[in-house]
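Since the structure comes first, as structure tokens, the remarks are kept for the end.
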Amino acid sequence: MNEEFSVVGKRIRQPDGPAKATGEAKFVGDLRMPGMLIAKVLRSPHPHARVVRVDSAKAMALPGVAAVITPDDLGDWNGFDRGMKDLPLVAGGYRIPPEEHVVNRTARHYGDAVAAVAAVNEHIAEEALSLLEVEYEVLPFVLNAEEALGSGAPQVSETAPGNIGKHLSYPYPEGDVDKALAEADLVVEGVFQTTKQDHCTQETAACLAYVDAAGRLNVWSQCQLPHLARRELANIFNLPVKKVKIMTPFVGGSFGQRGSVCAEPVAAALALKTNKPVRLVFSREDNFLGLESRTGFDKINVRMGFMKDGTLTAIKTYMLGHLGGYMGCGPMSSVIGMTLSMGHYRCPNRYGDSDMVMTNIPVSGAMRGFGNDAMMFCIEQLVDEASEKLGIDPITIRRKNTKEPGETAAMGLMLESSYLEECMLSGAEKFGWNELRSRPKKDEGRIKRGYGMATMSHCTGAAPLYLEHSNAMVKVNEDGSVDLTVYPAPVGTHIWGALSQICAEELGIRAEDVNIVTGDTDVTLFEYGSDASRSTYAIGGATLRAARQAKEQLLAHAAAMLEVPVEDLLARNGRVFLKSDPDKGLSVGEVCYDAIYSFGGEATNFSGKQSFEPTWNSPTFGAYFAEVEVDTETGRVRVPRFVTAIDCGKAINPMAVEGQLEGGLQQGLGYALTENFVVNETTGKVETANYDSYKVPGTLDMPHSEVIIVDRPDPKGPFGAKGVGEPGMVGIPPAIANAIYDAIGVRVRGLPMTPERILAALAEKGEAKGETQ
Amino acid sequence: MFRVLRPFEYIEAESVDDAVELLARYGADARVIAGGTDLVISMKKRELAPKYLIAIGHLPELSFLELDPDGALRVGPLSTHAVVGRSPLVKEHFEMLATASNEVGTPQVRNMGTIGGNVCKAGPSQDTPPVLIALEAILTLKGPRGARTVPMGEFCTGPFCTILSPDEVLTEIRIPPLPEGSAGCYKWCTKITSVDETLAGAGVVLTLNADGTCRDVRIGLGSVAPTAIRARQAEDMLRGTKLDPEEVAAAAETAFTECMPRSRAGYRRHMVRVMVKDAVNELKDKITGERTMGDAGEGAR
Amino acid sequence: MKTLAKFNVNGEPYELIIEPNLLLIEVLRDELGLTGTKHSCGVGNCGACTVLVDGEPVLACLSLAMAVRDKEVTTIEGLSDGPHLHPLQEAFIDRGAIQCGYCTPGMILTAKALLDRNPEPTERDVREALAGNICRCTGYVKIVEAVLAAAEAMQKGAAR
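Chains as they are written, first to last, in the numbering used here: chain L, 1 to 773; chain X, 1001 to 1301; chain P, 2001 to 2160.
The structure is reproduced here in structure tokens:
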């Protein structure tokens, strides 16, 4: 057993486990306050329409209705960018125009918010909603990116001429990609399409806002970036930041959706208008219509050039994404996607472009993987194609082009560590790759089996593109316990446990002796928040440094108490003792107590406070292996088995890391096979706005999953840790696609890979059994 | 969709006759409620807004599951899908009904939803109707003018339309015994995930002569037409034949043409063709005691 | 018209005056303050609102409160007794089967009904029983492991 660490690396229970297991844990929708009103949002039934008039007389006349907000009531409330990228968060002057309002004068998609009500209970609020009479001027609409780019297409936004919200290029181009493609021994290329995927957090969006007697807007929010939400709400409602307070209870999942403000603007607006607490909880339909979902790419062109020995020499990409009615976090999907995927392999000639196009559909944004998933779906299939054409094993060709530490990583920074090779080899062994791939091809009949793999790398935090500023404060109590003040998003990633472990390891105490103080912008220092798989790394980095600061004080005081040089002391398992004579020491509590209750004029409470802004970015690597069964008569794909091997540095809590990968497998499987956000091409109506039509994998859809954690420390991360929130899903669709190819010899280039697509691909190949049309 | 329901009066019927009388009294403003899953969802969507709900879910006279001496199964309409699906009686004598019942919704929905509610809803995408049609079930309806029986095949007239009068209550589903030399199975495929609405379903009953030729075949198809239907032309093609692969494939092809699906039409038809072929072949093997091709009723994946 | 309705929830009797159009989930959460039962999809697909009625898992968001007046309703709050957790709750915590926690109450109650009916389930049995409970965080792996571990612990406990 590895005794290098006493706390880090252990499979500890999460501190919030009992609260969640007993139902005691409170989510926003569980909170109540005296006099609280319930809010509901009216959503446009048209994909593009001007709200000419809202007649709220009947609604206001209903007893129990406290307020209605229409586009006429916005007063001096400012427009905003829900993704908050109009704040100084993104390097390079990237800005998103703040076009969205609390409720919108022009609805830009089916389900856009056009009015809101607040009433004494949910029944009256729903009744009031149905009493609002809205006159719409229906406008022409456009639903897909290609059409939106066409001349004469209806314009979605004045800030996006030709409907191009953003034209963004790959930020790290190198070499001469066209020349390299011309000179390559082999060019593989394809046109791909990826789908808009909904996060489907089990808890829908919710917010409880109230104005207290001091005139402060207090907001119970689910936002992953609470300090940023604070600024955003202050900005919308023309309040000084000090007049806004954000608090966070437990949050039912996020996966990137709550990196934007969701229910907050409407709830806050109604709270300000009524001067009463207002709770807004979205229905599941509200969630599908009113929140961001993963940016879908109508088209991704990829061309890759290889030499005959398998060396990758060129990658050129073009992405055409649809943003929906507002820009939100969507545009960065292409930049992040291109950056991470095109920087994954060593390749001296790289170029990429994207058009992120506005359309009249619900908004696109950030979801776990943030574009890397879409791009790796393309790139890893093309690598497989090259491996076949060049006669080189898929793992060998990838190993050949894998970057080594010391090279430049995807985000333009130096690659500190990489164990991708070990991921590939250990994953292959566990999976039985060599035996399975070299099996004799025999006629398997109707059900064909296939085996495929893919690799990926993902960022840990988004330096240098996004602001990576985190803070942590540590206070040591007289019993040796610690209060750790940090503000990661409590969305279920087991981050509290990880931060406790990091803090405890450094201070020499137990993880269960760390109390997380969080959930309040008054109490916490500035925190960018949780996204981009950054929390363990950046917030953990701040925690480590703050704990170290407190430890220095602890050891110095202990040295004085024990009358020994401070260098001779070690803190571990709740004690401070001599390295040379472990029995000689004191408990951490005793040292702290002595420092607090001291009459000598030097009383002190050991503490640490550290601001931390990592300027490096240690990518996490993964290798993914899928076994599929394709029923060639029905086109159905089953995935009986999946192996994921991950290099996320040192696993602070292996159980939590497994949880991220196992959970990512569910979302990756959905993205690959079952989830499809469908907008009716004739009416612009969203047809998949609840779980009866939008299908996420359940217990019977999941493969047998095995996870390998390579567990080698990265030099930069806290105790060697890197991020792991997103990688769990990035490599899944291409591994499955490559396995499908191995099974039936067809490449599926669109997501999701439905039975109809499989049968159509087989038909094209001349192997389908019977027509489907 | 809304999260709460519009106001209504809730009246617990004391008996079936009482329920009938209440329905007659309140007319179009009233609905019976049993398990309530479908009804509550419709009410949440504001598709329905009954002012009176007549609760019948507690009436013992509607809760039974009995095998008659002649081998007919009488199913009380309040039997939940879970009860039907787990019933040793059903599994032994009419396994295809158990299979279909176990496919409805989720485990929780199966604990709540009743076979009677399912049949009376007459939604186009359901599992029990194609099975009941293939089993030639007889429904008993009770109204103020007395009771009448209706074959399942005549009960549904269109999506969500049945011949049940607003003042009638379904009181029994009777499944006649299968002839000697018969077996049945239910094949289905879901729309997308394993637990999902049915995209296409085929309830097939096959009866063989002693020489192995097809004496009778009944093919009930669900989710591929406005109501569950019998693929009568396909049936006609198979009767009297030896059920050779070509004959079965041709009949499956005919069943393909007898469907009238709306959405994903091509794939639904294709699945009907695959499932009818699989079902007939499987039942033929089962009856003649040859090598079994997997469990009867296993869903095509 | 409001009516006096008697309920039995987690072994406790309650008398409430309610409108008949209240769903069970509203009575539990809003009238009784038992917020462990969660809203999620509202159309019967996700299982977040699962409670036990006479020991069987049903959906509180599709059940009329009036229909369960003479039945025993069990919510997640009824499973533990102060700090004494049900073996399923312990197993879920021990095995990392809880991430965001939102699906957890429904998941645990459905699992409890399974173990009450089938104390030695196979993995397949567990997956089938939980097929109507959606989790978006865990991929179900540790949930299934926790249910099997709890089954084993309960068998050992019963054997003593």
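A virtual CB, placed ideally from N, CA and C, is assigned to each residue, including glycine.
- Per the DSSP secondary-structure output, H458(L) pairs in a beta bridge with T620(L).
- Spanning the alpha carbons of K10(L) and S500(L) requires a straight line of approximately 12 Å.
- Judged by DSSP secondary structure, N163(L) falls outside any alpha helix (DSSP H); it is assigned neither H nor E.
- At least 9 Å separates the beta-carbon of L1135(X) from that of F1155(X).
- In terms of CA proximity to I2143(P), R2124(P) leads the group V2009(P), Q2155(P), K2156(P) and R2124(P).
- Between the region 1155–1171 of chain X and the region 1184–1194 of chain X, the count of Cβ pairs shorter than 8 Å is below three; the stretches do not touch.
- Of the candidates T408(L), N471(L) and A271(L), T408(L) places its Cα closest to the Cα of E174(L).
- For the set C262(L), A314(L) and D298(L), the Cα lying nearest the Cα of D176(L) is the one of A314(L).
- For R636(L), the closest alpha carbon among the candidates I758(L), D531(L) and Y671(L) is that of I758(L).
- Rounded to the nearest whole angstrom, the C-alpha separation of M1152(X) and A1202(X) is 15 Å.
- Closest option to R303(L), judged by alpha-carbon separation, among D112(L), D513(L), L312(L) and G766(L): L312(L).
- In the three-state reduction of the DSSP assignment, K26(L) falls in the coil class.
- W220(L) is bridged by DSSP to L208(L) and M247(L).
- For A1200(X) against M1275(X), the beta-carbon gap comes to about 7 Å, under 8 Å, which counts as contact.
- Contact between A737(L) and P614(L) is absent: CB atoms are separated by about 34 Å, not below the 8 Å threshold.
- Beta-bridge pairing by DSSP links F306(L) to L186(L) and L312(L).
- Here K650(L) is not near G600(L), since their CB atoms are 9 Å or more apart.
- Counting only runs of 4 or more residues that sit fully inside the region 2069–2117 of chain P, the alpha helix (DSSP H) segments are 2087–2094 and 2104–2117, in chain order.
- Taking a cut-off of 8 Å on C-beta distances, the region 325–341 of chain L does not touch the region 123–143 of chain L, as fewer than three cross pairs fall below it.
- C-alpha of S1079(X) to C-alpha of L225(L): approximately 50 Å in a straight line.
- Shown here, G1143(X) sits in a strand according to DSSP, grouped into three states.
- In the DSSP assignment, Y694(L) falls outside any beta strand (DSSP E), carrying neither H nor E.
- According to DSSP, residue pairing for S293(L) in a beta bridge involves S364(L).
- Out of I2017(P), K2038(P) and G2044(P), the CA that lies nearest to the CA of T2104(P) is found in K2038(P).
- Contact holds between the region 192–203 of chain L and the region 2128–2136 of chain P, because three or more Cβ pairs, one in each stretch, are under 8 Å apart.
- Scanning its chain for C-beta atoms nearer than 6 Å, with the 5 sequence neighbours on each side dropped, one finds around G1076(X) the residues L1062, S1063 and F1064, in chain order.
- Counting along the chain, F1256(X) sits inside the alpha helix (DSSP H) bounded by residues P1245 to E1258.
- In the DSSP assignment, H704(L) falls outside any alpha helix (DSSP H) and within the unbroken beta strand (DSSP E) covering H704 to I709.
- Proximity of E2056(P) to chain X, defined by a Cβ-Cβ separation below 9 Å, is satisfied.
- For the region 2100–2117 of chain P, the beta-carbon criterion of a distance under 8 Å to any beta-carbon of chain L is satisfied by C2100, G2101, Y2102, C2103, T2104, P2105 and I2108.
- Runs of the alpha helix (DSSP H) lying entirely within the region 1084–1152 of chain X and spanning at least 4 residues, in chain order: 1088–1093, 1095–1101, 1107–1112, 1115–1121 and 1128–1134.
- Where T1207(X) is concerned, there is no enclosing alpha helix (DSSP H), although the beta strand (DSSP E) around it starts and stops at T1198 to L1208.
- M1112(X) is positioned such that its CB atom lies no closer than 9 Å to that of T1198(X).
- By the criterion of a C-beta distance shorter than 6 Å, T688(L) is surrounded in its chain by F677, V678 and Y694, once the five residues flanking it on both sides are discounted.
- Distances from the CA of P88(L) to each of A550(L), A229(L), A374(L) and V566(L) were compared; the closest alpha carbon is that of A229(L).
- Listed along chain P are G2044, N2045, V2058, L2059, L2062 and G2132, each with a C-beta nearer than 9 Å to that of V1109(X).
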